[in-house]
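First residue of the sequence shown: 3, per this note's numbering; consecutive thereafter.
Heads up, the beta-carbon is just placed ideally off N, CA and C, and yes, glycines get one too.
Model, not experiment: these values are computed from the prediction.
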Amino acid sequence: MDSNYEPAVIEAEAQACWNDTEAFSVREDGGREKYYCLCMLPYPSGKLHMGHVRNYTIGDVIARYHRMRGRNVLQPMAWDAFGLPAENAAMQNGVPPGRWTRDNIDYMRGQLKSLGFGIDWSREFATCDPGYYRWNQWLFLKMLEKGLVYQKTGLVNWDPVDQTVLANEQVIDGRGWRTGAPVEKREIPMYYMRITAYADELLAALDELDGWPERVRAMQANWIGRSEGARVAFPYTMDGRNEKLWVFTTRADTLMGVTFVAIAAEHPLALRLGEDNPEAAAFIEKCRTGGVTEAEVATREKEGVPTGFHVEHPITGEPVPVWIGNYVLMSYGEGAVMGVPGHDERDAEFAHKYSLPIGQVLAVEGERYDASHWQDWYGSKDGVCVNSGKYDGLGFAAATDAIAADLEAKHLGEKRIQYRLRDWGISRQRYWGCPIPIIHCEKCGAVPVPEDQLPVTLPEDLTPDGGGNPLARCEAFVKCECPRCGGPARRETDTMDTFVDSSWYYMRYTSPDSSASMVDARADYWLPVDQYIGGIEHAILHLLYSRFWTKVMRDFGLLKIDEPFTNLLTQGMVLNQIWFSRDGDGRITYHNPAGITAEGDGVGRTADGAAVEFGGLGKMSKSKNNGVDPGELIERHGADAVRLFTMFAAPPEQTLEWSEAGVEGAVRFLRRLYRAVAEHVEGEPAERVPADLDGAARELRRQTHATIAKVDDDIGRRYTFNTAIAAVMELLNAVNRFAPETTADRAVVQESLETAIMLLAPIVPHICHRLWREMGHAEPIIDVAWPTADPAALKRDELEIVVQVNGKLRGRIAVDAGANREAVENAALADDNVQRFIGGKAVRRVIVVPGKLVNVVV
Ligand code: ANZ
Ligand code: ZN
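As structure tokens, this is what we get:
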């Protein structure tokens, strides 16, 4: 065997073998247990980054492990190919997004292959393939038919200079990213998916997802945001009609503390009041600029205007002033709140700012209420009502019940469960996405595209120029015939949110070539996904939408499962050092850490000797210029070293700190492993391990089997790949320390090395592929069964130790030959007779003479 470890040669050879034998193509096989291992599909941005490498290595290790455990493993790959970056790149380079995307896919596929992932490439697709997205359109139409898709107007960010809708990420500090113009809010018609119809089930089913991280379940539960409360009406008269202003509150028990009502700027009553009130109108106009996200609303400074208008308190009939407030969301509850500044923090901030009255209506025993310190204590549910007339003395639940009953009797309110979750607006005024299959006819209105005309194919040769959606200007696409009346009509030019594409791609892998249906019976074999792996940034939307699609498809009879992902692993970020310098104007330039020599105390130098400052550790990113190119790394060190480093440097859920020295360490270990095998196979072939071993040979064999047990648990259950690797490293050290003399010794070494190769095969599959063959096996290692620990080998030699209490012999115990001091001491103290002679006295000292004696001094 060649004594030099040459990763380039070894890796090409192993990959060619897997390729030629289609080693990772899988078929449904009812007789075998399936295992579906899935990583989140990549966006084809151009090149793989280290985050991808980490994600896909984790997936591949899990997949290969289960394959060796005898399971029928599916590990597929696809491309999340629609989206904004392709349009931006197109604007910059003048290349159509489709071309750019497909070129990137070709390049990145090559990179994935060079990492040796065990992917069934026969199932690959891109979400921009019409054969895939036609089923987005198909399900959209089915949902439309069933009322699960509907149209209503929605708020978007509007750039008044470019005359175009902006995505949230294109709004920077309230301005358009290209034009810098203040962004306006605009109402335009959009399509919505009725995810709220599933709010209850999406929330309740979280309890059963015990294979998901607690954190992700909590984030989803918060997002769905179930609130138990009440709807309360404040009557008023407007234009001669009796009306009701509805609010939603979770604290009906504070109703007697209401000193104002605040309504959203888009509330119909606000718009009506604005007609006669220029101050209110100006405020409403002001609220039209600024972002539309909830986070922006929550962090914005609270502002409002009085409208001069009053509504009636539903219990007392007293007039209550109506304000328009920018902290009230039109999209939540009723778009209006009852202001209880004595007990609600937001209302208090507002009331303090505008000098509105503040009153106490709750008291907690033993706590002093101070309205000027409202930040410290406000709406505790442990309180009882005070200053609340007939409700005084009632606690939260009793007061809520009593008030809700009184309101109900007057038709001015009732209990209500409110979700924070909103219906999913899927319309995007963008070109590079899945066309929404709707045709607009002047006579018939919005008409669904008939099923036999699907897919509505996106023309791929358009190039956006920043001035709105080029589809809208593409007459060949837009002009069509109305399917209903045959008259001239226009196609919808909005495309679907790319989260639609990723909501069901994992189902399509099971039936990638199905042209007659979204998925077919093969889905029943493979689904649900057994292990899903991806970034925590997808904890909420992607996973929630996927769960929703699964339930919709189930209810349409297309699937038999309730939940798509049984187990979820969210991998941590890959970090690297950040280095920067400042020029005379204070402008910051980031320098790639690879070219920096650190000089201590947070300073360093570039290769040209320029001084740079250390900016701490941060996520690898283009903007901080601290990325590491996986392609270059693989070329220098080999894929196995990159895989080994990423799995060894940290447990998968934690952040991983990039380290050049760490990769070099990985290479050194692989070389050592390679050399150990090379040296071993030089000698005479070994025979079987004899049953009766002793001394060092027996101990090495024990360690080999203990390593099997540990690695199996680390990879199969705990997912702590780093400690699994560390255990194999120790085993290899033990092999290197062991000096085989007899053929029996050689057999033990052989078993240890073969074990190390099998245990490492999921992590560094290329070198293991080669070494396994060098060990004399014809069967490729990917087809070898995962080793199991032999309980007989795990038994240690036992020694008898005498135990004294105060120097007198009181017992004999048997301990493992290799047991450490603490284990011997514990065994001695646990002995019944020894305990009897200690007789409950305090143990002052325990003397251990290794291998011989323990003396307990009391
Ligand atoms: C009076 C009150 C008194 C409230 C008090 C809280 C504490 P969650 O738990 O998130 O459901 N609210 C209702 N609709 C709103 C809207 N459209 N925009 C902004 N705030 C709104 O929150 C429910 C509470 O948020 C409601 O209960 C209401 O304030 C406010 F001591 O009513 B509360
Ligand atoms: Zn028509």
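Check: Val339 C-beta below 7 Å from any heavy atom of the ligand ZN:
Annotation for Val339 indicates a beta carbon at 7 Å or more from all heavy atoms of the ligand ZN.
Whose C-beta lies closer than 8 Å to the C-beta of Val848 among residues of the same chain, with five residues either side of it excluded?
Cβ within range, chain order: Glu827, Ala830, Leu831, Val856, Asn857, Val858 and Val859.
Suppose the cutoff is 7 Å on Cβ atoms and the five residues either side in sequence are ignored; what does the same chain contact list for Ile840 look like?
If we look at Ile840 and ignore the five residues flanking it on each side, its Cβ neighbours are Val807, Val858 and Val860.
Collapsed DSSP secondary structure at Gly469 in the structure displayed
Secondary structure of Gly469 (DSSP, three-state): coil.
When you compare the stretch 318–333 with the stretch 265–277, are there three or more beta-carbon pairs, one atom per stretch, that lie closer than 8 Å?
Output reads yes: the stretch 265–277 touches the stretch 318–333.
Which residues share a DSSP beta bridge with Tyr194?
In DSSP, Tyr194 forms a bridge with Tyr152 and Gly427.
For Val322, is the beta carbon positioned less than 7 Å from some heavy atom of the ligand ANZ?
The closest heavy atom of the ligand ANZ lies 7 Å or more from the beta carbon of Val322.
Based on the DSSP secondary-structure assignment, which residues constitute the bridge partners of Phe236?
Answer by DSSP bridge pairing, in chain order: Leu247.
With a 10 Å radius around its C-beta and 16 neighbouring C-beta atoms as the bar for buried, classify Lys626 as buried or exposed.
Its Cβ being crowded by 16 or more others within 10 Å, Lys626 is buried.
Could you tell me which of Asn735, Val730 and Lys553 sits nearest to Leu150, measuring between CA atoms?
Closest by C-alpha distance to Leu150, out of Asn735, Val730 and Lys553, is Lys553.
Taking 7 Å as the cut-off, is the beta-carbon of Val449 closer than that to any non-hydrogen atom of the ligand ZN?
Val449: yes, Cβ under 7 Å from the ligand ZN.
For Thr572, list the residues DSSP reports as bridge partners.
Beta-bridge pairing links Thr572 to Gly536.
Any chance the stretch 607–622 sits against the stretch 72–87, with 3 or more Cβ pairs inside 8 Å?
These segments do not touch.
Going by beta-carbon coordinates alone, are Pro457 and Pro132 separated by less than 8 Å?
Using a Cβ distance threshold of 8 Å, Pro457 and Pro132 count as a contacting pair.
What are the boundary residues of the beta strand (DSSP E) that includes Phe262?
Counting along the chain, Phe262 sits inside the beta strand (DSSP E) bounded by residues Phe262 to Ile265.
Cβ of Asp515 within 8 Å of any chain C Cβ:
This model lacks chain C altogether; it includes just one protein chain.
Arg228 to Val531 span [Cα, whole Å]
In a straight line, the C-alpha of Arg228 is about 28 Å away from that of Val531.
Taking the alpha carbon of His269 as the reference point, which residue from Ala780, Leu247 and Gly469 has its own alpha carbon closest?
Comparing Cα-Cα distances from His269 to each of Ala780, Leu247 and Gly469, the minimum goes to Leu247.
Taking the DSSP output, what are the residues bridged to Gln579?
In the DSSP output, where bridge partners are listed per residue, Gln579 has Leu619.
Say whether the stretch 585–594 touches the stretch 615–629, bearing in mind that this needs 3 or more beta-carbon pairs closer than 8 Å, one atom from each stretch.
Under the 8 Å Cβ criterion, the stretch 585–594 counts as touching the stretch 615–629, having at least three qualifying pairs.
Cβ-Cβ separation, Glu89 to Arg432 (assumed contact under 8 Å), whole Å
Between Arg432 and Glu89, the beta carbon gap of about 7 Å places them in contact (Cβ cut-off 8 Å).
Taking Leu761 and Thr709 to be in contact with their CB atoms under 8 Å, please state how far apart those CB atoms are, rounded to whole angstroms.
With 8 Å as the limit, Leu761 and Thr709 qualify as a contact, their Cβ atoms being about 7 Å apart.
When you measure from the CB of Gly427 to every non-hydrogen atom of the ligand ANZ, does any distance come out below 7 Å?
Answer for Gly427: no, Cβ out of range of the ligand ANZ.
Inspect the beta-carbon positions of Thr2 and Pro215 and report whether they are closer than 8 Å.
In the structure displayed, the chain extends from 3 to 860; residue 2 sits before or after that span and is not available.
Distance check for Ala373 and Pro343, CA to CA, integer angstroms please.
Answer to the nearest angstrom: the Cα atoms are 9 Å apart.
Look up Cys443 in the DSSP assignment and say whether it is helix, strand or coil.
Strand.
What are the complete alpha helix (DSSP H) segments, minimum 4 residues, inside the stretch 688–728?
Those alpha helix (DSSP H) runs which fall completely within the stretch 688–728 and span 4+ residues are 697–715.
Cβ neighbour criterion (16 or more within 10 Å) applied to Glu634
Using a 10 angstroms sphere on the CB of Glu634, the tally of other CB atoms stays under 16, which defines it as exposed.
Does the beta-carbon of Arg422, which I'm using as the reference point, lie nearer than 7 Å to any heavy atom of the ligand ANZ?
Under cutoff, so the answer is yes.
Can you tell me whether Gly489 sits near the ligand ZN, meaning its C-beta is under 7 Å from at least one heavy atom of the ligand?
Remark: the C-beta of Gly489 is in contact range of the ligand ZN, defined as less than 7 Å to any heavy atom.
If you measure between the beta carbons of Arg233 and Glu336, is that distance less than 8 Å?
Yes.
Have a look at the DSSP bridge pairing and note the partners of Gly327.
DSSP lists Gly306 as partners of Gly327.
Buried or exposed: where does Pro490 fall if 16 or more other Cβ atoms within 10 Å of its Cβ makes it buried?
That one is exposed.
Please classify Arg847: does DSSP put it in a helix, a strand, or coil?
It is a strand residue.
Any non-hydrogen atom of the ligand ANZ closer than 7 Å to Leu331 Cβ
Leu331 Cβ: within cutoff of the ligand ANZ.
For the stretch 130–175, which segments carrying the alpha helix (DSSP H) assignment without a break, of at least 4 residues, lie completely within its bounds, in sequence order?
Segments of the alpha helix (DSSP H) lying fully in the stretch 130–175: 132–147.
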